[in-house]
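K.L.:
Got a structure for you, questions after.
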Amino acid sequence: MPLITLFSAPKPFANPHIATIQRNAIQSWTLLPDVEVILLGAERGLAEAAQELGVKHIPHVECNAGGTPLISSMFKLARENSGGDLLCIVNADMILLPDFPEAARKSRLQRDKFVLLSQRWDLDIAQPIEFTEGWEKRLSSIVHREGKLHRPAGSDFFLFPKSCYAEVPPFTIGRAGWDNWMIYKARREGWAVIDATPSLTIIHQNHDYSHLPGGKPHYDHPDTNENIRLAGGEANIRYTILDSTHQLAGGKLTRPKTTSKRFMRKVELFLRALFFFLPESAVENIARPKRWKKRIQKIINRKS
């Protein structure tokens, strides 16, 4: 029985570059120990890719009016067809390395209910990866030399026990907002939000947005507005990795170190709770005045 069930809804395999990076990502998943893979959707070329890579394919996923899969249906299908104790939704352009299952094991041993996430490394990859012996070491060396660590906003995977996220709203995949809600939900339920950035190298293969209308990023897509509504409003989609309650480092869970960004985020959350009756724009002005920055940084410097 596998430990982790990875599930994803890839884009169509029509664009040659998208097809290449998705095959790279999915093949990297199949090489991980104690992992099974489920691909969801009926996008062009997906059935053939699933057969080629030897992974499970479930075409009948619920979609919105535009034909894009819904998160709620993806979670339901993954849960029903999973043989693992842990579920992990992951974007189909993300390469995972062997440190991934180990981070999942360490987290599960230390917490019953949690969600695991991390910052990603952005890297330009245009060719199929040769998955020969030592590929992971070669790629890790390249990404730390040529890649860029993405800021702690936007999450490309969420790993959690089956007991968590039993119900989720019908968010649209590939649009903004739902990933922030995942962190908000965990914080609200009192689950550990584990930032595994110190322990993982998660590689995002850079791409354009030609698969979206007008080639614009998903932040400008109308479905994003619906995701925000389903999340309960702007306040619930402001959560990022900075809101993690724990870090996984050296196999152990610890409290994140206080930084100026984390300190300001705690102040912001406190003020949002205190002034819940005010409009978001008003709370924003209260929570992030520019004149506080130097004062807060002095406090942080004294602590460090």
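Start counting at 1 in the sequence shown, then tack on 1168, and there's your number in the working numbering. Beta carbons: idealized from backbone N, C-alpha and C, even for Gly.
Look at the alpha carbon of residue 1211 and the alpha carbon of residue 1180, and state the distance between them as a whole number of angstroms.
P.N.:
Working through the sequence shown from its first residue, we reach residue 1211 at position 43. Working through the sequence shown from its first residue, we reach residue 1180 at position 12. Those two C-alpha atoms are separated by around 5 Å.
K.L.:
Could you tell me the distance, in whole angstroms, from the CA atom of residue 1240 to the CA atom of residue 1284?
P.N.:
For the purposes of this step, residue 1240 is taken as residue 72 along the sequence shown, with counting starting at 1. For the purposes of this step, residue 1284 is taken as residue 116 along the sequence shown, with counting starting at 1. Taking the straight line joining both Cα atoms gives about 19 Å.
K.L.:
Give the single residue among 1316, 1374, 1327 and 1235 whose Cα lies nearest to the Cα of residue 1271.
P.N.:
Start at 1 with the first residue of the sequence shown, and residue 1271 comes out as number 103. Comparing Cα-Cα distances from residue 1271 to each of 1316, 1374, 1327 and 1235, the minimum goes to 1327.
K.L.:
Using the C-alpha atoms, what's the distance from residue 1215 back to residue 1236?
P.N.:
Here residue 1236 refers to the residue found at position 68 of the sequence shown. Here residue 1215 refers to the residue found at position 47 of the sequence shown. Using only the alpha carbons, I get a separation of about 16 Å.
K.L.:
Can you name the start and end residues of the alpha helix (DSSP H) that residue 1278 belongs to?
P.N.:
Locating residue 1278 in the sequence shown gives position 110, where the first residue counts as 1. Run containing residue 1278: 1267-1278, per the alpha helix (DSSP H) assignment.
K.L.:
Determine the direct distance from the alpha carbon of residue 1274 to that of residue 1422, and round the result to whole angstroms.
P.N.:
What you label residue 1422 is simply residue 254 of the sequence shown in a count that begins at 1. What you label residue 1274 is simply residue 106 of the sequence shown in a count that begins at 1. The alpha-carbon atoms of residue 1422 and residue 1274 are separated by roughly 12 Å.
K.L.:
Taking only the alpha-carbon atoms, compute the straight-line gap between residue 1253 and residue 1296 and give it to the nearest angstrom.
P.N.:
Locating residue 1253 in the sequence shown gives position 85, counting from the first residue. Locating residue 1296 in the sequence shown gives position 128, counting from the first residue. When rounded, the distance between both Cα atoms is 31 Å.
K.L.:
Going by DSSP in three states, residue 1359 sits in which element: helix, strand or coil?
P.N.:
Here residue 1359 corresponds to residue number 191 of the sequence shown, with the count starting at 1. Coil at residue 1359, not helix or strand.
K.L.:
With hydrogens ignored, establish whether the beta-carbon of residue 1200 is closer than 8 Å to any heavy atom of the ligand SAM.
P.N.:
The ligand SAM is not part of this structure, which contains no ligands at all.
K.L.:
Output the distance between the C-alpha atoms of residue 1324 and residue 1286, rounded to the nearest integer angstrom.
P.N.:
In the sequence shown, counting from the first residue as 1, residue 1324 sits at position 156. In the sequence shown, counting from the first residue as 1, residue 1286 sits at position 118. In a straight line, the C-alpha of residue 1324 is about 8 Å away from that of residue 1286.
K.L.:
Assuming residue 1312 is part of the beta strand (DSSP E), what are its boundary residues?
P.N.:
One-based indexing of the sequence shown puts residue 1312 at position 144. Residue 1312 -> not in any beta strand (DSSP E); alpha helix (DSSP H) instead, spanning 1303-1314.
K.L.:
Looking only at C-alpha atoms, which of 1249, 1234, 1233 and 1202 sits nearest to residue 1225?
P.N.:
Position 57 of the sequence shown, counted from the first residue, corresponds to residue 1225. The residue with the shortest Cα to Cα distance from residue 1225 is 1249.
K.L.:
Quick one: what does DSSP say residue 1244 is sitting in, helix, strand or coil?
P.N.:
Start at 1 with the first residue of the sequence shown, and residue 1244 comes out as number 76. Correct three-state label for residue 1244: helix.
K.L.:
Identify the residues that DSSP records as bridge partners of residue 1338: which are they?
P.N.:
Taking the first residue of the sequence shown as position 1, residue 1338 is located at position 170. None, per the DSSP bridge assignment.
K.L.:
State the Cα-Cα distance for the pair residue 1471 and residue 1425, rounded to the nearest angstrom.
P.N.:
Here residue 1471 refers to the residue found at position 303 when the sequence shown is read from its first residue. Here residue 1425 refers to the residue found at position 257 when the sequence shown is read from its first residue. Its pLDDT being 46, under 50, residue 1471 is placed unreliably in this model, and the value from its coordinates should be taken loosely. In a straight line, the C-alpha of residue 1471 is about 10 Å away from that of residue 1425.
K.L.:
Quick one: grab the DSSP three-state call for residue 1460.
P.N.:
As a working note, residue 1460 is residue 292 in the sequence shown. Here residue 1460 scores only 46 on pLDDT, less than 50, and its place in the model should not be relied on; the value that follows carries that caveat. Of the three classes helix, strand and coil, the one that applies to residue 1460 here is helix, per DSSP.
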